[in-house]
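Protein chains in written order, with the working numbering: chain A, 1 to 110; chain B, 1001 to 1114.
From the three backbone atoms N, C-alpha and C, an ideal C-beta is built for every residue, glycine too.
None of the values given here were measured: they were computed from a predicted structure.
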């Protein structure tokens, strides 16, 4: 069966520090992968999606970047975090037929 | 552009009472439709989905949803709410043309009173 792993679960980082969140999928090949952010009291905002290795599309301009170095690995990064980057980050795989989500990372920038 | 509207930000229901969460979408064709549930600090779990066919779909945890094309709606229902149903609920549409992604509503937080 397919599973998706996301880590870390929680992270507290100072402003200006770098960020790396990792997501890996098992049990499927060439998945569509997605990064969403959920700010407090708000819905889900699609940040990035990827249809294959090295193929990244950004939905909104921001302080973050994404990479897909391997077929089932999706990484969310930042060189210098801002306070506004705080939120709950979710990785997902799937497509129009539905998503499977990771358990999320709570990022607090202080 | 495609959009999903969940008009209720919060809903409070007494335990044992019935529940209906509203969802309307804007899309040129019949999209794929989903309801997800999110417990605090957790990822989203799929409750049910509609692709085609019978417009009343059954999901997990006793939930059901009805697709009404004329109203562009996909409301979620449960006949008797349990305290463990307190969570945030997201409606989503899957775009079956172009890039495959889901568009989510802003969510409805369900509170269950004793």
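Bridge partners - residue i, DSSP secondary structure assignment
{"i": "residue 12 of chain A", "result": "A:108"}
{"i": "residue 1091 of chain B", "result": "B:1035"}
{"i": "residue 1026 of chain B", "result": "B:1003"}
{"i": "residue 22 of chain A", "result": "A:7 and A:75"}
{"i": "residue 1011 of chain B", "result": "B:1110"}
{"i": "residue 59 of chain A", "result": "Residue 59 of chain A pairs with nothing; no bridge assigned."}
{"i": "residue 35 of chain A", "result": "A:48 and A:91"}
{"i": "residue 1041 of chain B", "result": "In the DSSP output, where bridge partners are listed per residue, residue 1041 of chain B has none listed."}
Outcome for residue i when other beta-carbon atoms lying within 10 angstroms are tallied against a minimum of 16
{"i": "residue 54 of chain A", "result": "exposed"}
{"i": "residue 70 of chain A", "result": "exposed"}
{"i": "residue 26 of chain A", "result": "exposed"}
{"i": "residue 15 of chain A", "result": "exposed"}
{"i": "residue 112 of chain A", "result": "In the structure as shown, chain A begins at 1 and stops at 110. Residue 112 of chain A is therefore absent and cannot be evaluated."}
{"i": "residue 49 of chain A", "result": "buried"}
When the options are compared against residue i, the one with the closest alpha-carbon
{"i": "residue 6 of chain A", "options": "A:43, A:44 and A:92", "result": "A:92"}
{"i": "residue 1114 of chain B", "options": "B:1001, B:1006, B:1016 and B:1027", "result": "B:1016"}
{"i": "residue 75 of chain A", "options": "A:52, A:66 and A:100", "result": "A:66"}
{"i": "residue 22 of chain A", "options": "A:110, A:104, A:15 and A:86", "result": "A:104"}
{"i": "residue 40 of chain A", "options": "B:1082, B:1110, B:1111 and B:1106", "result": "B:1106"}
{"i": "residue 73 of chain A", "options": "A:24, A:10, A:1 and A:3", "result": "A:24"}
{"i": "residue 1091 of chain B", "options": "B:1035, B:1008, B:1102 and B:1061", "result": "B:1035"}
{"i": "residue 1083 of chain B", "options": "B:1111, B:1042, B:1044 and B:1101", "result": "B:1111"}
{"i": "residue 1013 of chain B", "options": "B:1102, B:1095, B:1039 and B:1087", "result": "B:1087"}
{"i": "residue 1042 of chain B", "options": "A:63, A:28, A:60 and A:8", "result": "A:8"}
{"i": "residue 4 of chain A", "options": "B:1045, B:1011 and B:1018", "result": "B:1045"}
{"i": "residue 1018 of chain B", "options": "B:1101, B:1079 and B:1104", "result": "B:1079"}
{"i": "residue 62 of chain A", "options": "A:82, A:51 and A:68", "result": "A:82"}
{"i": "residue 107 of chain A", "options": "A:79, A:12 and A:1", "result": "A:12"}
Whole-angstrom C-beta distance between residue j and residue i, which should lie under 8 Å
{"i": "residue 1093 of chain B", "j": "residue 1002 of chain B", "result": "6 Å"}
{"i": "residue 33 of chain A", "j": "residue 77 of chain A", "result": "That pair is no contact at about 14 Å."}
- Query: Within the chosen definition, does the stretch 1069 to 1080 of chain B reach the stretch 1021 to 1039 of chain B through at least 3 CB pairs nearer than 8 Å?
  - Reply: Look at the beta carbons and you see the stretch 1069 to 1080 of chain B touching the stretch 1021 to 1039 of chain B: at least three pairs across the two are nearer than 8 Å.
- Task: Please determine if the stretch 1055 to 1068 of chain B and the stretch 81 to 90 of chain A are in contact, where contact requires at least 3 C-beta pairs separated by less than 8 Å.
- Result: The stretch 1055 to 1068 of chain B vs the stretch 81 to 90 of chain A: no contact.
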